[in-house]
Each structure stands twice: as C-alpha cells, then as structure tokens.
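In this note's numbering, the protein residues as written are 35 to 242. This report refers to the structure that appears directly beneath it.
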C-alpha cells in the first residue's frame with residue numbers, strides 16, 4: 035500500500051473527534067492499533083517480496099587426474115563350493131579401510147574406502163568399490179582383476195556414479211594391490227575423473 039500525501043495534525047484531530055462521538059475511547063484506540071499493525075505487516079510483506087532472490091551459483095564441469103593410496107583390512111569372507119567341476123568355488127570378501135590423495139589434492143582425500151570382492155575361481159574376479167568423504171559424498175566404482183601373482187594383483191576400475199558433490203561422476207583407471215598379510219592390503223589407484231556441471235554444488239578444486 036502506498037501513501038500519496040502526508041496526514042497533518044488537524045486531520046488526525048478531526049478523525050479523533052468523530053471517533054469519540056461514535057465509539058467509546060477504548061474501542062477506537064484498539065481499532066487504530068489494529069489498523070496500524072496491519073499496515074506494518076503489509077509493509078514488511080511488500081519489502082520481502084521486493085528483495086530479489088539470490089541466484090544459486092552454477093558449478094562448472096570438473097575433470098582431473100587422481101592418484102590414491104589406500105589400506106584395506108578384510109572384514110569377512112565366505113566361500114561356496116560349486117559341484118559343476120573340480121575345485122570350483124565362488125567367494126565374497128568384504129574390505130574396509132581408508133584412502134588419501136597422494137598428490138595432496140582434495141578429491142577423495144582421507145575418505146573411507148570399502149570393497150566387496152566377488153571371485154569365481156578360475157573364471158573371473160572383480161567387485162565394487164565405495165568411497166565416502168567426511169561430508170557424506172560418495173563415489174562408486176566397479177573393478178575387474180586383470181593379472182594375479184602371489185601377493186600382488188592388478189586390474190582396472192571404472193567410476194559408475196556418485197552422490198552429493200560427486201553426483202554424475204565418470205572416469206576410469208588402474209589399481210595395484212599388494213597383500214601385506216592374510217587380512218591387510220595396500221592399494222594404489224591411478225585414474226581420471228569427470229564431474230558434470232550442476233547448480234548450487236560445492237566441489238573440490240582439482241588443481242589443489
């Protein structure tokens with residue numbers, strides 16, 4: 035509501051006299067307070083609507099190289115014998131550990147690192163990797179074993195998606211695992227990644 039001219043004292047006195055004739059004083063004073071309060075609320079609403087909404091900044095597409103070093107510990111392992119041929123077993127092993135960025139960058143640095151390994155003896159070996167940062171953002175990957183030697187394993191991995199600031203991530207790379215003990219592994223991962231442009235997202239700077 036817009037007031038087009040000032041209200042002078044004589045006009046206020048005139049309306050006050052009229053109100054005294056029609057209503058008892060407590061009633062018209064309460065009425066005036068009600069209308070003034072209503073005008074104040076209306077003005078606040080108009081001001082709130084007039085303030086422009088802050089634009090949500092857009093995050094540009096990001097791409098970079100990643101060199102991760104990790105330690106994994108076996109949590110559980112289960113093997114099932116399949117009788118279709120001699121010495122045929124299928125096993126599932128769970129690992130948990132941590133990975134840090136060996137280049138000192140922020141991408142997947144000091145993140146939780148979980149692995150579910152699926153091995154079909156004599157046929158195939160691979161599984162799934164999950165990386166979780168402190169803010170809850172996640173990166174998912176699948177991997178395939180390419181070469182196995184006593185206490186040493188090499189293969190490839192592919193990022194299949196993510197959550198939080200890593201939603202839509204893609205990329206691939208290679209890993210090298212060394213068996214430290216019966217339950218502990220040392221893992222090195224090298225690869226590249228790409229995160230699509232989004233709105234209102236905060237991501238690590240790949241150059242840092």
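In this text, a Cβ means the ideal position worked out from N, Cα and C, and glycines have one as well.
**Q.** Sufficient close CB pairs (3 or more, under 8 Å) joining the segment 156–167 to the segment 131–145
**A.** yes
Q. According to DSSP, which residues form a beta bridge with residue 182?
A. 187
Q: Please check the pair residue 136 and residue 101, which I expect to be a contact at CB under 8 Å, by giving their CB distance rounded to whole angstroms.
A: 4 Å
(Q) For a quick check, are the C-beta atoms of residue 113 and residue 123 less than 7 Å apart? (A) yes
Q. Whose C-alpha, out of 211, 206, 231, is nearest the C-alpha of residue 106?
A. 211
Q. Taking residue 138 as the reference, which of 103, 199, 197 has the closest Cα?
A. 103
**Q.** Range of the contiguous beta strand (DSSP E) that encloses residue 128
**A.** Taken as a continuous stretch (DSSP letters only), the beta strand (DSSP E) holding residue 128 covers 122–135.
Q | Beta carbon of residue 213 nearer than 7 Å to that of residue 180 | A | Contact flag unset, no.
Q: Identify every residue that forms a DSSP beta bridge with residue 204.
A: 228
**Q.** Whether residue 200 touches residue 173 by CB criterion (7 Å)
**A.** yes
**Q.** Per-residue burial, residue 121 [other beta carbons within 10 Å of its own, 16 or more giving buried]
**A.** Per the 10 Å Cβ criterion, exposed.
Q | Proximity to residue 127 [Cα-Cα], best of 160, 220, 229 | A | Comparing C-alpha distances from residue 127 to each of 160, 220, 229 shows the shortest one belongs to 160.
Q) In its own chain, which residues sit with a C-beta less than 8 Å from the C-beta of residue 155, not counting the 5 before and 5 after it? A) Same-chain partners within the cutoff: 121, 122, 123, 124, 125.
Q: May I have the straight-line CA-CA distance separating residue 183 from residue 132, to the nearest angstrom?
A: 24 Å
Q: Count the other CB atoms, across all protein chains shown, that sit within 10 Å of the CB of residue 223; report buried if there are 16 or more and exposed otherwise.
A: By the neighbour-count criterion, in which 16 or more other beta carbons inside 10 Å mark a residue as buried, residue 223 falls on the buried side.
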